[in-house]
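*Asks:* In the working numbering, the protein residues as written are 11 to 328.
Input: one structure, supplied below.
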């Protein structure tokens, strides 16, 4: 076997092994060292309502975490966690640690299932956003049934879940039945220019930019649309960095500087968009973290603490 061929094969093998191991690590760890968030859960902390239905085409469900001793006379707030998985894997159960953590701090929390690109035919980011809105509607009704009024919420997530959290926050903040007050995320892709995403194309066995963008948007994108440059308006539909405007909600974001899964320059597009539009934000850099966000525990502790400060600041804001 020629030396160049061997190098090529080893390079391909490295990419495959790295991608699979990274995805496994992200899913196993929930993209955070769990010891910083673990809560000893019992009835004195709260009640969990598992496998609740929400209106969608595929029978997806959500889990609801309600803190103990909430005052029914006061409005409450929701933390909605959206799970990781490159838009093609993961489940609502991945958000258990996150939801228990924020419920233990006095906030109603929830985690949902949504359409996955390896399961549902039309699992575009646009569909996922619609499903999140449907889930929020169901959560609001369930909370009313339990005697609670929700007057604000924050969306949050890691990796793909962080992207969906931002897309919902930036497009549905005011139209959501529960108004979105802020969003926080770790390691989330912020832009979907097709040429940046060879790794997602490989994971989904896609050959062209048109196929990739068709899958991500749910729109039939042709090679002619790509060549003409018209495709950019469809990238705008699903890219958090392009959805930011002067009315966007405050944003807390964190990225690992050694992330080899999400193209590194994309986070700067998001930071620039927030800066240019005068949106309140805090940006954390994790110097030793890859995509799994499993190092820099001191930085992660600060990130979590600031997320609670955001709750105090923006949930209570008139």
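Glycine residues also receive a C-beta, built at the ideal position from the N, C-alpha and C atoms.
Just the C-alpha distance for residue 74 and residue 81, rounded to the nearest angstrom, thanks.
*Replies:* Roughly 17 Å between the two C-alpha positions.
*Asks:* Using CA atoms only, rank isn't needed, just tell me which of 287, 285, 264 is closest to residue 317.
*Replies:* For residue 317, the nearest C-alpha among the options comes from 264.
*Asks:* Beta strand (DSSP E) containing residue 295: first to last residue?
*Replies:* Residues 291-296.
*Asks:* Looking at C-beta atoms only, is the number of pairs between the segment 269-286 and the segment 232-245 that lie closer than 8 Å three or more?
*Replies:* Because the criterion of three Cβ pairs below 8 Å is not met, the segment 269-286 and the segment 232-245 do not touch.
*Asks:* Let me make sure I understand the geometry here. Which of 182, 136, 164 has the alpha-carbon closest to that of residue 257?
*Replies:* Answer by Cα proximity: 182.
*Asks:* Please state whether the Cβ-Cβ distance between residue 76 and residue 142 is less than 7 Å.
*Replies:* In this structure, residue 142 does not lie closer than 7 Å to residue 76 by Cβ.
*Asks:* Please state the DSSP three-state secondary structure of residue 193.
*Replies:* Residue 193 falls in the strand class under three-state DSSP.
*Asks:* Are residue 86 and residue 135 closer than 7 Å when you measure CB to CB?
*Replies:* Cβ distance not < 7 Å, so residue 86 and residue 135 don't count as in contact.
*Asks:* I need the DSSP call for residue 111, collapsed to helix, strand or coil.
*Replies:* The answer is helix: DSSP assigns residue 111 an H, G or I state.
*Asks:* Is the beta carbon of residue 175 less than 7 Å from the beta carbon of residue 162?
*Replies:* No, the pair does not count as a contact, with Cβ atoms beyond the cut-off.
*Asks:* In or out: residue 212 buried (at least 16 other Cβ within 10 Å) or exposed?
*Replies:* Looking at its Cβ environment, which holds fewer than 16 other Cβ atoms inside 10 Å, residue 212 is exposed.
*Asks:* Pick helix, strand or coil for residue 91, following the three-state DSSP scheme.
*Replies:* Correct three-state label for residue 91: strand.
*Asks:* Can you tell me whether residue 297 is buried or exposed? The criterion is at least 16 other CB atoms within 10 Å of its CB, across all chains shown.
*Replies:* Result: exposed.
*Asks:* Take the Cβ of residue 129 as the centre, count every other Cβ of all protein chains shown within 10 Å, and call the residue buried at 16 or more, exposed below.
*Replies:* Classification for residue 129: exposed.
*Asks:* Tell me which residues share the same chain as residue 144 and place their Cβ nearer than 6 Å to its Cβ, disregarding the 5 neighbours each side in the sequence.
*Replies:* 64, 65, 66.
*Asks:* Which runs of the beta strand (DSSP E) spanning at least 3 residues fall entirely within the segment 177-221, listed in chain order?
*Replies:* For the segment 177-221, whole beta strand (DSSP E) runs of length 3 or above, ordered along the chain, are 190-196.
*Asks:* Check for me: the beta strand (DSSP E) holding residue 146 runs from which residue to which?
*Replies:* Counting along the chain, residue 146 falls outside any beta strand (DSSP E), though it belongs to the alpha helix (DSSP H) covering 135-156.
*Asks:* Would you report the Cα separation of residue 127 and residue 106, rounded to the nearest angstrom?
*Replies:* Whole-angstrom Cα-Cα distance: 22 Å.
*Asks:* By the 10 Å Cβ neighbour count, where 16 or more other Cβ atoms means buried, how is residue 267 classified, buried or exposed?
*Replies:* By the neighbour-count rule (16 or more Cβ atoms within 10 Å), residue 267 is not buried but exposed.
*Asks:* To the nearest angstrom, how far is the alpha carbon of residue 277 from that of residue 307?
*Replies:* Taking the straight line joining both Cα atoms gives about 21 Å.
*Asks:* Around the C-beta of residue 110, are 16 or more other C-beta atoms found within 10 angstroms, so that it is buried, or is it exposed?
*Replies:* Looking at its Cβ environment, which holds 16 or more other Cβ atoms inside 10 Å, residue 110 is buried.
*Asks:* By the 10 Å Cβ neighbour count, where 16 or more other Cβ atoms means buried, how is residue 78 classified, buried or exposed?
*Replies:* Its Cβ having fewer than 16 others within 10 Å, residue 78 is exposed.
*Asks:* In angstroms with no decimal places, state the Cα-to-Cα distance between residue 248 and residue 133.
*Replies:* About 13 Å.
*Asks:* Roughly how many whole angstroms lie between the Cα atoms of residue 170 and residue 122?
*Replies:* Those two C-alpha atoms are separated by around 13 Å.
*Asks:* Since residue 246 is in the alpha helix (DSSP H), which residue starts that stretch and which ends it?
*Replies:* First-last of the alpha helix (DSSP H) with residue 246: 242-248.
*Asks:* Please state the DSSP three-state secondary structure of residue 283.
*Replies:* Here residue 283 sits in helix by DSSP.
*Asks:* Give a yes or no on whether the C-beta atoms belonging to residue 219 and residue 279 are separated by under 7 Å.
*Replies:* Cβ distance not < 7 Å, so residue 219 and residue 279 don't count as in contact.
*Asks:* Using C-beta distances below 7 Å, list every residue in its chain close to residue 292, excluding the 5 sequence neighbours before and after it, in chain order.
*Replies:* Same-chain partners within the cutoff: 262, 316.
*Asks:* Taking only beta-carbon atoms, is residue 106 less than 7 Å away from chain C?
*Replies:* The chain inventory of the structure shown lacks chain C, comprising one protein chain alone.
*Asks:* Check whether the Cβ atoms of residue 150 and residue 187 lie closer than 7 Å to each other.
*Replies:* Yes, the Cβ-Cβ distance between residue 150 and residue 187 is below 7 Å.
*Asks:* Which class does residue 328 belong to by DSSP, given the choice of helix, strand or coil?
*Replies:* Its pLDDT being 43, under 50, residue 328 is placed unreliably in this model, and the value from its coordinates should be taken loosely. Three-state result, residue 328: coil.
*Asks:* Thinking residue 165 and residue 90 are a contact (beta carbons under 8 Å), I'd like their distance in whole angstroms, please.
*Replies:* 5 Å between Cβ atoms; contact.
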